[in-house]
Amino acid sequence: VRQQAEEYALAKNIDQSLEAILALTGTVTGNFIHTLFSSDHILKVVNATGFAILHGETLYLKGNTPSEQQIRDLISVLSHIPAHIPLHTHRLIDLYPTADAFTHTAAGIIYHPFGQHTQDCILWFRPETPQEVNWAGDPDKSIEHNPHGLSPRQSFALWQQIKKFESRQWQKPEVTAASTVSYALQKQIHLGELTQEKQKLAQLSDKLRKVVAELENINWISTHDLKEPLRKIQTFASRILEDENNDYSPMVIQSVQRMNDAAVRMQTLIHDLVSYTHVNKLQNNLI
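Numbering (the numbering used here), first residue to last: 21 to 307.
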């Protein structure tokens with residue numbers, strides 16, 4: 021009965037912090053991680069003393085945690101665990117022997133990866149909690165050797181064992197709450213990324229509209245303002261070429277003819293450009 025009452029009280033406290041965190045996911049805009057880190061509920065929700073999020077190249081830390089480099093090294097190892105599944109342990113040293121250097125801040129962890137193709141993840145930390153365990157005799161000497169063979173140990177005097185490199189064990193309500201928070205955070209982060217991409221696309225679309233407008237101006241200049249000079253070039257070239265009384269040299273006549281031919285080609289190009297513009301506008305209107 022006492023154990024059930026303790027579990028109920030624990031679950032009740034966790035639910036309060038969990039509700040506070042989930043409420044943020046529906047109201048906060050902008051940098052959700054910074055807002056989340058301003059609340060102590062992120063630690064209380066699993067009764068942890070430290071918390072970390074790796075998102076992209078940025079590592080966010082809250083509470084008592086190992087150093088940034090120690091956490092990055094730990095994440096690098098955890099990210100190579102097959103299936104990339106969440107895990108929790110109160111003896112990190114069994115999974116990561118190098119953890120003996122920071123058990124005072126992270127002897128136990130809850131780890132939730134964001135995906136298979138990234139090291140992004142969420143971590144909760146608990147420090148080492150040394151425990152004294154009393155035995156009726158040394159448990160490693162339960163059998164004694166004597167001249168007559170093996171026999172049970174003769175001494176049952178109090179024998180104490182100090183357990184090191186362990187944190188308090190994670191309770192089921194804490195592990196469940198960590199999963200709920202993790203999925204909510206991932207959803208919020210992904211929504212934030214989609215919002216940023218939408219804003220980038222909107223900016224690119226605006227730039228594209230401006231470029232299209234400039235191209236239309238250039239098209240207008242090329243299809244209207246250039247026609248008049250071309251007509252004048254063709255008119256004067258025709259007068260020179262059709263004048264029967266001219267006494268120009270053959271080289272001058274040849275140059276004028278080439279100039280006239282170039283003007284005709286340019287006029288053809290302008291005509292084709294106008295036709296293409298009309299077809300393109302018609303297709304856009306149909307779409």
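A virtual CB, placed ideally from N, CA and C, is assigned to each residue, including glycine.
A Cβ-Cβ distance of about 14 Å is found for the pair T200 and L56, leaving them out of contact under the 8 Å criterion.
Close CB contacts of N266 within its chain, under the 6 Å cut and outside five residues either way in sequence, are absent.
Here DSSP, grouped into helix, strand and coil, assigns R146 to strand. Here the alpha carbons of L205 and N67 stand approximately 18 Å from one another.
Ranked by Cα distance from K252, the first of D263, M279, L235 and S275 is M279. Looking at the DSSP output, K82 sits in a beta bridge with F71.
In the three-state reduction of the DSSP assignment, L107 falls in the strand class. Under the three-state reduction of DSSP output, I130 falls in the strand class. By the criterion of at least three beta-carbon pairs nearer than 8 Å, the region 121-131 is in contact with the region 98-109. Per DSSP, T255 is one residue of the alpha helix (DSSP H) stretching across K247 to E262.
With a contact defined as Cβ atoms closer than 8 Å, A121 and L112 miss out at about 11 Å.
For P193, the enclosing alpha helix (DSSP H) covers residues K192 to W240.
Counting the other Cβ atoms within 10 Å of the Cβ of P270 gives fewer than 16, which makes it exposed.
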